[in-house]
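Working notes, beginning with the structure itself.
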Amino acid sequence: MSQPEIQIEGLEVFFGEGHERNRVVHGIDLSVAQGESYGLVGESGSGKSTVLRALVGLVTDWHGAMHVGGEALSGAKRSKAFYRRVQMVFQDPYASLHPRQTIDRVLSETLALHGIKDGVDARIDRLLEQVGLGGGFRFRYPHQLSGGQRQRVAIARALAPEPKVLLLDEPTSALDVSVQAEILNLLSDLRAEFGLTYLMVSHDLGVIGHMCDRVAVMQTGEIVETLEVEAMRRLQAEHPYTRHLLDSALRSSGHEGVEAAQRSAS
Amino acid sequence: MTSHTHTDAKPGLKAWLLSDTPQSRGQARAAAWYQGWLKLTSNKLTSLGLIVLTLLVLAAIFAPLLATNDPFVQDLGARLKPPGWEGHFFGTDSLGRDIYSRLLYGARISIYIVLLVALVAPLLGLIIGTTAGYFGGWVDTVLMRVTDIFLAFPRLILALAFVAALGAGIENAVLAISLTAWPPYARIARAETLTIRNSDFIHAIRLQGAGPLRIITRHVWPLCISSLVIRVTLDMAGIILTAAGLGFLGLGAQPPSPEWGAMISEGRKYILDYWWVATIPGLAIFAISLAFNLIGDGLRDVLDPKEAGK
Chain A
1 MSQPEIQIEG
11 LEVFFGEGHE
21 RNRVVHGIDL
31 SVAQGESYGL
41 VGESGSGKST
51 VLRALVGLVT
61 DWHGAMHVGG
71 EALSGAKRSK
81 AFYRRVQMVF
91 QDPYASLHPR
101 QTIDRVLSET
111 LALHGIKDGV
121 DARIDRLLEQ
131 VGLGGGFRFR
141 YPHQLSGGQR
151 QRVAIARALA
161 PEPKVLLLDE
171 PTSALDVSVQ
181 AEILNLLSDL
191 RAEFGLTYLM
201 VSHDLGVIGH
211 MCDRVAVMQT
221 GEIVETLEVE
231 AMRRLQAEHP
241 YTRHLLDSAL
251 RSSGHEGVEA
261 AQRSAS
Chain B
1001 MTSHTHTDAK
1011 PGLKAWLLSD
1021 TPQSRGQARA
1031 AAWYQGWLKL
1041 TSNKLTSLGL
1051 IVLTLLVLAA
1061 IFAPLLATND
1071 PFVQDLGARL
1081 KPPGWEGHFF
1091 GTDSLGRDIY
1101 SRLLYGARIS
1111 IYIVLLVALV
1121 APLLGLIIGT
1131 TAGYFGGWVD
1141 TVLMRVTDIF
1151 LAFPRLILAL
1161 AFVAALGAGI
1171 ENAVLAISLT
1181 AWPPYARIAR
1191 AETLTIRNSD
1201 FIHAIRLQGA
1211 GPLRIITRHV
1221 WPLCISSLVI
1231 RVTLDMAGII
1241 LTAAGLGFLG
1251 LGAQPPSPEW
1261 GAMISEGRKY
1271 ILDYWWVATI
1281 PGLAIFAISL
1291 AFNLIGDGLR
1301 DVLDPKEAGK
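Line order of the protein sequences matches chains A and B.
Following the working numbering, the numbering of the first sequence begins with 1 at its first residue and continues without gaps.
Following the working numbering, the numbering of the second sequence begins with 1001 at its first residue and continues without gaps.
Shown next, in the form of structure tokens:
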């Protein structure tokens, strides 16, 4: 295997200034191979989204080393090549689309920013088709779309510059359960089709289990355990916090909990 | 601002405008405008304001055709005649000039002042407010303290000072009013920008590599403009009154120009015995101010970004 697509070493992120400066991510290491789908899981406030935000430069106050596609990152500035290579899908599709711009405008603006001038019309039609939206949606405004349709538009925007890496910040947590499944399947299909690398943040172990090959479990700004999804499915977690997460996931879906499940499996 | 061609729409055109699945950029834009127009005119008071304003604009445009007399010709033999006297609808002023004709020509001056101020002041406020709001930090501090200094002076007093420095006249009155009117717009634009700049759609466009200039002008401005347009229409009355006030104090339009404020000022001396000389231009100012206020109210319902899209 060649060099990893995303490599993060000793990442520390700070919020606030002066006396109120707080370390919220405490030196995490993470490595995502090309074409891999990697999950970051943890409860609210564990710093998982912050890692994504530091990666793309939305959070500026960080230490450590981050490489994407071999390119070293620093501060908040990112190169043009980075923006083309790495795209992000946000959590809330109601907030991530400009309320006064048609879908056409959103996508053509994105293409223009990446310097793509040829065949813009055909490209927009193809992008909408790729995310399962017909041409009838092209000139609508976001408020005329449902949540799932908006998230599809956000995914189309992320695909516009033909990226290698998609950062998914809880892409389905604002959607209904039935729509969640559609969006997750769409994301899986797109990864297979374009050979994308995913770094996905979620608090939902079910979503991560469906989408990812490997999982890192975060708690209060630290990665407590990294494991293969297969191992997670077999409930072979070492760290008590991971077991706690698995336990509550099982209980909330009507099962008995980790201990009972393991007893009945053996 | 909204085209009147929409009103005489044929059924086919109407269906095209109300289509759920527009087929082109132009259609999407026209449909958005048309729906705004329908919403605006569904408010009866706003429609009344639009009608009054349209009449005033038409009166200003066709003043030479509608006027019964030359607004500048004096007839000292027929001074201070009451309304209806020998074809003078609204009577004559202290120099025997026809008030009705002067009112028509005065509408041109008022509308000219309002349009110029309404272009200059909000644009200045928009640029300063969005810049301060988007960049934050010391840029914000410097720009907002300058804004505070301007806000600290009473508006008419500051306008008086500017006119006194620049010299009396309509152009200088416009400039003075614009220079005193921009701070509230800057405040509004800054507040809007503060709520917008940390939203995901601005983050998303930043992650496409867009620079601050592009983000401010193409993504922040469109969202600020609606609240500014509302504020401008509501402020129009104030602008007209300030212009009239400057005219009244003799620092705006100069005699014999038929500016409404100056007309009131001239009529003030005779207000007890010859009430119409001051009252009729006063009613005109009242009508145009009320029309703008009614339109502003309706526009707020149509444009308020907090209401739109829900």
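Glycine is no exception: its CB is placed at the ideal position from the N, C-alpha and C atoms.
Report task. From the DSSP output, read off the bridge partner residues of Phe14(A). Result -> Arg23(A)
Report task. Compare the beta carbon distance of Ser1094(B) and Asn1069(B) with 9 Å and say whether it is the shorter of the two. Result -> no
**Report entry** Under 7 Å (Cβ pairs) to chain B, residues found in the region 50-63 of chain A
**Finding:** Val56, Leu58
Report task. Determine the burial state of Trp1085(B): buried for a count of at least 16 other Cβ atoms within 10 Å of its Cβ, exposed for fewer. Result -> exposed
Query - chain A contacts made by the region 1201-1213 of chain B, where a contact means CB separation under 8 Å - result: Phe1201, His1203, Ala1204, Ile1205, Arg1206, Leu1207, Gln1208, Gly1209, Ala1210
Query raised in the report: With a cut-off of 9 Å, does the C-beta of Lys117(A) fall near any C-beta of chain B?
Result: no
**Report entry** Residue of Gly119(A), Asn22(A), Tyr198(A), Ser202(A) minimising C-alpha distance to Leu245(A)
**Finding:** Ser202(A)
Requested in this report: Using a Cβ-Cβ cut-off of 9 Å, state whether Pro171(A) counts as contacting chain B.
Outcome: no
Query raised in the report: Which residues in the same chain as Val224(A) place their Cβ atom closer than 8 Å to its Cβ, once the five residues preceding and following it in sequence are excluded?
Result: Val217, Met218, His239, Tyr241, Thr242
Query raised in the report: Using the beta-carbon count (16 or more within 10 Å), is Trp1182(B) buried or exposed?
Result: buried
Requested in this report: Just the C-alpha distance for Leu1251(B) and Ala1173(B), rounded to the nearest angstrom, thanks.
Outcome: 8 Å
Query raised in the report: Going along the chain, which unbroken runs of the beta strand (DSSP E) with 3 or more residues stay wholly within the region 56-139 of chain A?
Result: 62-68, 71-73, 86-89
Query raised in the report: Ends of the alpha helix (DSSP H) at Thr1054(B)?
Result: 1044-1061
Query raised in the report: In or out: His1088(B) buried (at least 16 other Cβ within 10 Å) or exposed?
Result: buried
Report task. Quick one: list the residues of chain B neighbouring Met232(A), beta-carbon separation under 9 Å, in chain order. Result -> Near Met232(A) there are no residues of chain B at all, since even the closest Cβ is about 30 Å away, more than 9 Å.
Requested in this report: Can you have a look at Thr1147(B) and say buried or exposed, based on whether 16 or more other CB atoms are within 10 angstroms of its CB?
Outcome: buried
**Report entry** As assigned by DSSP and simplified to three states, the class of Leu1249(B)
**Finding:** coil
Query raised in the report: Who are the Cβ neighbours of Leu1158(B) in its own chain at under 6 Å, not counting the five residues just before and after it?
Result: Thr1180
Query - Minimum Cβ-Cβ distance from Leu246(A) to chain B less than 9 Å - result: no
Report task. Flag Thr1021(B) as yes if its beta-carbon sits less than 9 Å from any beta-carbon of chain A, otherwise no. Result -> yes
Requested in this report: Would you mind telling me which residues of chain A sit closer than 7 Å to Ala1028(B), beta carbon to beta carbon, in chain order?
Outcome: Thr102, Phe139
Query raised in the report: How close, in whole Å, do the beta carbons of Leu196(A) and Leu190(A) come, if the pair is a contact with beta carbons under 8 Å?
Result: 6 Å
Requested in this report: Could you confirm whether any beta carbon from chain D is found closer than 9 Å to the beta carbon of Gln151(A)?
Outcome: Of the protein chains in this structure, namely A and B, none is chain D.
**Report entry** Continuous beta strand (DSSP E) stretch holding Ile223(A): start and end
**Finding:** 222-228
Query raised in the report: Taking 9 Å as the CB-CB limit, is Leu1179(B) close to chain A?
Result: no
Query - Other residues of its chain near Leu107(A): CB distance less than 7 Å, five sequence neighbours each side excluded - result: Ile124, Leu127, Ala156, Arg157, Ala160
Query - Closer than 9 Å to chain A by CB, Pro1122(B) - result: no
Query raised in the report: Is there at least one Cβ from chain B nearer than 9 Å to Tyr198(A)'s Cβ?
Result: no
Query raised in the report: If we count the other Cβ atoms within 10 Å of its Cβ and call it buried at 16 or more, is Asp1098(B) buried or exposed?
Result: buried
Query raised in the report: What is the DSSP secondary structure of Leu1158(B), counted as helix, strand or coil?
Result: helix
Requested in this report: Inspect the beta-carbon positions of Leu1053(B) and Ile1295(B) and report whether they are closer than 9 Å.
Outcome: yes
Query raised in the report: Name the chain A residues that come within less than 7 Å of Arg1025(B), Cβ to Cβ?
Result: Asp104, Phe139
Query raised in the report: Given a threshold of 16 other Cβ atoms within 10 Å of its Cβ, counted over all protein chains shown, does Ser1003(B) qualify as buried or as exposed?
Result: Residue confidence is low: Ser1003(B) scores 45 on pLDDT, short of 50, so the model does not pin down where it sits. Its coordinate-derived value is still stated next. With fewer than 16 Cβ atoms within 10 Å of its Cβ, Ser1003(B) is classed as exposed.
Report task. Could you tell me if Ile1051(B) is buried or exposed, where buried requires 16 or more neighbouring beta carbons within 10 angstroms of its beta carbon? Result -> exposed
Query raised in the report: Quick one: Cα of Val1073(B) to Cα of Ala1243(B), how far?
Result: 24 Å
Query raised in the report: Can you tell me the Cα-Cα spacing of Leu1115(B) and Ile1170(B), whole angstroms?
Result: 13 Å
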